[in-house]
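Just below is one structure, and these are the notes that go with it.
Chains as they are written, first to last, in the numbering used here: chain A, 1 to 341; chain B, 1001 to 1132.
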């Protein structure tokens, strides 16, 4: 414990840029306590890969699509599977939330924070939408400002207390309510084998077995069917916006849908080495190809968006491509669920 | 995706300095992290989202100047909020916020309500009452 404090008095926090905020925070914060876990490994153990299309959950009037599990779930699952004890708190007022943060930082502990990107001044302005489920790490205070390791940024940065309070206590859905979380007990030795098995089992189940049409592989088909009729249902103008949102959710910073396919493929590759299962390497390569199919879809969707000549043929073709993604992922997850781990 | 295929389509929205990270395979098929300055489809979609926002802001502005709606509606568009979000920031029901978007109702709003809106939009009460 003394050692940790000593290190933290110099506010030493090893920041590594990652692809996604939540798995990135896990990887960075656990490493701080000597638990080396790569971002893809955290993503895989946390069964982060997913798909969901929710036409009734609209953000600025555009139906929502997600390529990952709900925010917070990866963190919860990884902590549980690795036996890391986490303290987690939400607050009724910004003042209480900021005071509590200061107290934990004074103990020399880096803290994970839920926040809205809209209020983070270091984000490129074009990315600052009201997205409330961004994760970042505060690891110290200097001259009144907070030292921030935002996992999707290349370097560490600083933020003033006012902006941080605004970001942590943004309103809307889901309201972060100043949520902060930090490990209080990290085991010295961890075996990844069983957590990997549990993570894979859960991912297969989430992708294949949820008995609702909006989720998993079924969700992709659900979206594909709706996408086909966007122009006639909502008009050309909105159709392009809807389509644009699908791409953004797939490719945008920290949300990366195809990115998540590649990250999960990276996880399978790492898992193959740990569990000594060559089948997982083969499935990793297969998922890499599926990720490429997703990118082809995004590329073509981008062209339709750009031309704005929303003819029904192109939407029909895009729909077929999505059906192809669904078919390929279904095969992959069925195979994965049958691998003897 | 191969390492060499990681797109590097920069555009001004990233402000040149901002790179995101991807996982891609090297020649041996091993996954490695690679940074990217952007990708065309994402840039297109992002730009489009902003064009839509800017258009709505301009429309709202014109309607405020024409006396059809109150500045509340304009600033809501400008800060990329929607009705439920704005209502939760000012602690009102959606129908109340909607009422405040009528110029006649807006003009009778008390100081404390105006301050709430100004705080939500991060502007002064003067700026709220006189849009640029």
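Glycine residues also receive a C-beta, built at the ideal position from the N, C-alpha and C atoms.
In this text, all values refer to a predicted model and were calculated from it rather than measured experimentally.
- Boundaries of the beta strand (DSSP E) around residue 180 of chain A: 180 to 185.
- A straight-line Cα-Cα distance of about 39 Å links residue 1037 of chain B and residue 1064 of chain B.
- Beta-bridge annotation (DSSP): residue 1008 of chain B is paired with B/1038.
- Around the Cβ of residue 1020 of chain B, a 10 Å sphere holds 16 or more other Cβ atoms; the residue is buried.
- Under the three-state reduction of DSSP output, residue 319 of chain A falls in the helix class.
- Identification of residues in the stretch 1021 to 1032 of chain B having a C-beta nearer than 8 Å to some C-beta of chain A yields 1021, 1022, 1023, 1024, 1025, 1029, 1030 and 1031, given in sequence order.
- In the DSSP assignment, residue 139 of chain A falls within the unbroken beta strand (DSSP E) covering 134 to 142.
- For the pair residue 244 of chain A and residue 305 of chain A, the CB atoms are nearer than the 7 Å cut-off.
- Nearest C-alpha to residue 269 of chain A among B/1006, B/1028 and B/1005: B/1028.
- Straight-line measurement puts the Cα of residue 236 of chain A at about 43 Å from the Cα of residue 90 of chain A.
- Taking 7 Å as the threshold, the shortest C-beta distance from residue 56 of chain A to chain B does not fall below it.
- Taking the Cα positions, residue 1045 of chain B is about 27 Å away from residue 25 of chain A.
- Secondary structure within the stretch 1066 to 1117 of chain B: the alpha helix (DSSP H) runs of 4 or more consecutive residues, fully enclosed, are 1071 to 1078, 1083 to 1090, 1094 to 1100 and 1103 to 1107 (chain order).
- If only uninterrupted alpha helix (DSSP H) runs of at least 4 residues are considered, those enclosed by the stretch 256 to 296 of chain A are 257 to 275.
- Residue contact check for residue 263 of chain A against chain B: a CB pair falls below 7 Å.
- Distance from the Cα of residue 1096 of chain B is smallest, within the candidate group B/1117, B/1049, B/1042 and B/1043, for B/1117.
- In the DSSP secondary-structure assignment, residue 158 of chain A is bridged to A/147.
- Between residue 60 of chain A and the set A/131, A/155, A/280 and A/230, the nearest pair of CA atoms involves A/131.
- Listed in chain order, the beta strand (DSSP E) elements of length 3 or more contained wholly in the stretch 178 to 231 of chain A are 180 to 185.
- Secondary structure at residue 116 of chain A: coil, using DSSP grouped into helix, strand and coil.
- What residue 145 of chain A touches in chain B, judged by beta-carbon distance under 7 Å, is nothing: the nearest beta carbon there is about 19 Å away.
- Nearest CB-CB separation between residue 1118 of chain B and chain A: not below the 7 Å threshold.
- Taking a cut-off of 8 Å for Cβ pairs, the stretch 80 to 95 of chain A and the stretch 184 to 198 of chain A touch, as three or more such pairs fall below it.
- Taking a cut-off of 8 Å for Cβ pairs, the stretch 211 to 222 of chain A and the stretch 274 to 283 of chain A do not touch, as fewer than three such pairs fall below it.
- Of B/1043, B/1033, B/1106 and B/1126, the smallest CA-CA separation from residue 1009 of chain B is found for B/1043.
- Here the alpha carbon of residue 112 of chain A sits roughly 35 Å from the alpha carbon of residue 1125 of chain B.
- Residue state for residue 109 of chain A is assigned as coil, using DSSP reduced to three classes.
- Taken through DSSP and simplified to helix, strand or coil, residue 93 of chain A comes out as coil.
- Contact of residue 1058 of chain B with chain A is not assigned, every C-beta pair being separated by 7 Å or more.
- For residue 1004 of chain B, none of the residues of chain A pass the 7 Å Cβ criterion, the least Cβ distance being about 13 Å.
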